Each structure stands twice: as C-alpha cells, then as structure tokens.
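Colleague:
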Amino acid sequence: MARLIGVVRFGIVSGSICCYLAGTGCKKSEVSNQSNQAASPTFVQVDPIDLSEMRLAFANADASMKVFVDECIGSIRARDFGFAAEQLEKLLRNPRLTPQQREAVQTTLARIKANK
12 MARLIGVVRF
22 GIVSGSICCY
32 LAGTGCKKSE
42 VSNQSNQAAS
52 PTFVQVDPID
62 LSEMRLAFAN
72 ADASMKVFVD
82 ECIGSIRARD
92 FGFAAEQLEK
102 LLRNPRLTPQ
112 QREAVQTTLA
122 RIKANK
C-alpha cells in the first residue's frame, strides 16, 4: 500500500511538472512571434502630391468620370506627370464639372506642373 501511494505521488508530481513546462514553453514562442511581427517593416504608399481634394471632389461623381479620375490618380502615383497633366487638361474641358471639381482639377494640375 505504501508503495502504491509513492507511485501515485510520483505520477502527480511528474504530471504537474510536465504541465508547467509545457505552459511556459508556449508563452516563450508567443513572445518571439510578437517580436518578429514588430520588426517587420510595413509599406505605405505615399502620393507624390496631395490628392485628397481630388478624391473628395469626385466622391459622388458618375461612374465614367470616376474611372477617368482614378486613371489620372494612378498616373500621378506612378509619377507619370506628363500623361496625368494631359488627362487633367482633358477633364477641365468637360462641361459637366462642378465648380468644386473644376477647382480640384486646377489645383492638382498646378501641383503636377510644380513637380515636373
């Protein structure tokens, strides 16, 4: 009987130690994963000129005009300022532009010409 109690005690103690070691091992890998994530760089595309006024002015425009403006913005982001300027000048000739849209296009065109 005494031997049985000793075996049971040994089982309980060794099981407790195994659970403790398994638990501390998991926390260690979590910490190393978090430090790896913090060290990885993030890429944020920065527009070469401020396009917020253009986006705001054309937020409620019709679909065809939005596509045209998105192409202009894509050209600006690609730093193809010559093509973007041509497209914006075409857009200025559109009689359906609102005063806010016209002003946004003119401002963006001036910024492009300053960056050439």
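Counting in our numbering, the sequence shown runs from 12 upward without gaps.
Yeah, the Cβ is synthetic: ideal placement off N, Cα and C, and Gly gets one too.
All figures in this text were calculated on a predicted structure; none of them were measured in a lab.
#1: L102 lies in the alpha helix (DSSP H); which residues open and close that run?
#2: Going by beta-carbon coordinates alone, are N126 and P59 separated by less than 8 Å?
#3: Taking the alpha carbon of M76 as the reference point, which residue from R122, K101, T118, S63 has its own alpha carbon closest?
#4: Take the Cβ of T109 as the centre, count every other Cβ of all protein chains shown within 10 Å, and call the residue buried at 16 or more, exposed below.
#5: To the nearest angstrom, report how far apart T119 and R113 are at their CA atoms.
#6: In three-state terms, what does DSSP make of D73?
#7: So, helix, strand or coil for L62, using DSSP?
#8: Could you give the DSSP three-state label for V78: helix, strand or coil?
#9: I'd like the list of long-range same chain contacts for I84, defined as Cβ closer than 7 Å, with 5 residues on each side in sequence excluded.
Modeller: Reading it off the structure:
#1: Indexing the sequence shown from 1 puts residue 102 at position 91. Counting along the chain, the unbroken alpha helix (DSSP H) around L102 starts and ends at 92-103.
#2: Numbered from its first residue, the sequence shown carries residue 126 at position 115. Numbered from its first residue, the sequence shown carries residue 59 at position 48. Cβ atoms of N126 and P59: closer than 8 Å.
#3: Here the question's residue 76 lines up with position 65 in the sequence shown. For the residues R122, K101, T118, S63, the minimum Cα distance to M76 belongs to K101.
#4: In the sequence shown, the residue the question calls residue 109 occupies position 98. So T109 ends up on the exposed side.
#5: The residue labelled residue 119 in the question sits at position 108 within the sequence shown. The residue labelled residue 113 in the question sits at position 102 within the sequence shown. Roughly 10 Å between the two C-alpha positions.
#6: Position 62 of the sequence shown holds residue 73. In the structure shown, D73 sits in coil (DSSP, three-state: anything other than H, G, I, E or B).
#7: Locating residue 62 in the sequence shown gives position 51, where the first residue counts as 1. In the structure shown, L62 sits in coil (DSSP, three-state: anything other than H, G, I, E or B).
#8: Start at 1 with the first residue of the sequence shown, and residue 78 comes out as number 67. V78: helix per DSSP, three-state reduction.
#9: For the purposes of this step, residue 84 is taken as residue 73 along the sequence shown, with counting starting at 1. So the list reads L62, M65, once near-sequence residues are dropped.
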